[in-house]
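J.:
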Amino acid sequence: MATSCAWVFGEPTLKECRRVVAPRDWFCCLWNPRDPDDPLQARIEAIIRSAIPAYGYGTRREDPTPVLGASCLFEELRPFSATFSTSMTKQAVMDAWRSHATLARQAGPTLSGILDAIAAELKNDVVDVPYTTRGWYAQFAPGPAPRSPDEEPV
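Per the numbering used here, the very first residue in the sequence shown carries number 108; after that it's consecutive.
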């Protein structure tokens, strides 16, 4: 279920996670966005915003603490983060942007122009790409798991 949280995160997803794990198991979600404070990333985001002024990042840049807390499914929620950098070839960076579903969906027919502008911004064959992984983990609270929607009441 790891990658699905970025698309369908919310109470139904959390209840399904609780339903399929053993009692008192742990939950962890990780958001791994590129660092928006990086100068290259800031220029790339300016390119995107010039073409899509109302560009939305989706849940991967939102703090899930309110959703996790409101679910009442967990004991103490424990956030953590770590920053790291990875070296990527220009081709790998462009492949990542080409596969970026959130960007493609919002860009529509302007996507190729945005990708061309991003490629022009990448001056070197190898690019240092900084990320900040943010995570939240917690043990599920004791009690019965929610029933599946198609499960008969007992």
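Every residue, glycine too, gets a C-beta built ideally from N, C-alpha and C.
1. Report yes or no: do the region 192-202 and the region 127-138 share at least 3 C-beta pairs separated by less than 8 angstroms?
2. In the structure shown, what three-state DSSP assignment does G242 receive?
3. What residue from R185, P216, Y162, T239 has the CA that sits closest to P173's CA?
4. Quick check on the DSSP output: what are the complete alpha helix (DSSP H) runs of length 4 or more inside the region 167-243, in order along the chain?
5. Where does G163 sit, in a helix, a strand or coil, going by DSSP?
6. Please tell me whether T240 and L175 are closer than 7 angstroms, where the distance is taken between their beta carbons.
7. Return the residue from the list P119, C124, G163 that minimises the CA-CA distance to F247.
8. Beta-carbon within less than 8 angstroms of L121's beta-carbon, same chain only, minus the 5 sequence neighbours each way: which residues are those?
9. Run through DSSP, which three-state label would R141 get?
10. Please say whether V233 and S194 have beta carbons closer to each other than 7 angstroms?
11. From T209 to G163, what distance separates their C-alpha atoms?
12. Distance check for G242 and I155, CA to CA, integer angstroms please.
T.: Let me lay it out:
1. no
2. Three-state result, G242: strand.
3. Checking every option, the nearest Cα to that of P173 belongs to R185.
4. 172-177, 197-205, 208-214, 218-228
5. coil
6. no
7. F247 has its Cα closest to that of C124, out of P119, C124, G163.
8. Only F134, V174, L175, S178, L180 meet the Cβ criterion.
9. strand
10. Taking 7 angstroms as the cut-off, the Cβ atoms of S194 and V233 count as close.
11. When rounded, the distance between both Cα atoms is 8 angstroms.
12. 26 angstroms
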